[in-house]
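Numbering (the UniProt record's numbering), first residue to last: 1 to 99.
Heads up, the thing below is written out as C-alpha cells.
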C-alpha cells in the first residue's frame, strides 16, 4: 500500500529555512523515528543511518514569460527492520524516550 501526503504552499525565505531546519533537527536527533510536518499533518518516518539523497536544480529562461528556477530535494530510504516492525505493532522503538 502506498500512502502519499502532499501539501503545496508559498513560504517566505525565512519560513522555508525554518521548515528545512525542523527536518534537519529531526534527522539530527538521536531517535529511531522522526516527525515531519506536511501541511496540517505530522507524518512519522523511520530513516536509517544512511539516506539516498538527490538534489536537482532546473533553470528555465523564457522570452515571453518570467524565468523560473526550481530546486528539488529527494530523500529515499527503506526503514530499518526494527522500526518497521514497531510501526506494524502500533508502537515505536523509542517509546521510552521523551520528545
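Virtual Cβ for every residue (Gly too), placed ideally from N, Cα, C.
Checklist entry - Hey, which unbroken runs of the beta strand (DSSP E) at 3 residues or more fall wholly within the UniProt domain "Amphi-Trp" (6-85)? => result 34-38, 41-45, 52-60 and 68-76
Checklist entry - How would you call residue 96, buried or exposed, if buried means at least 16 neighbouring beta carbons within 10 angstroms? => result The sequence position of residue 96 within the chain shown is 96, counting from 1. Confidence is the limiting factor: at residue 96 the pLDDT is only 35, short of 50, which leaves the residue's position unreliable, though a coordinate-based value still follows. Around the beta carbon of residue 96, a 10 Å sphere encloses fewer than 16 other beta carbons of the protein chains shown; the residue is thus reported as exposed.
Item to check | Whole-angstrom C-beta distance between residue 43 and residue 5, which should lie under 8 Å | outcome: By one-based count along the chain shown, residue 5 stands at place 5. By one-based count along the chain shown, residue 43 stands at place 43. 6 Å between Cβ atoms; contact.
Item to check | Straight-line Cα distance separating residue 39 from residue 2 | outcome: Working through the chain shown from its first residue, we reach residue 2 at position 2. Working through the chain shown from its first residue, we reach residue 39 at position 39. Rounded to the nearest angstrom, the two C-alpha atoms are 19 Å apart.
Checklist entry - Nearest CA to the CA of residue 19: which residue from 27, 31, 46 and 37? => result As a first step, residue 19 is located in the chain shown; it is residue number 19 there, counting from the start. It is 37 whose Cα lies nearest to the Cα of residue 19.
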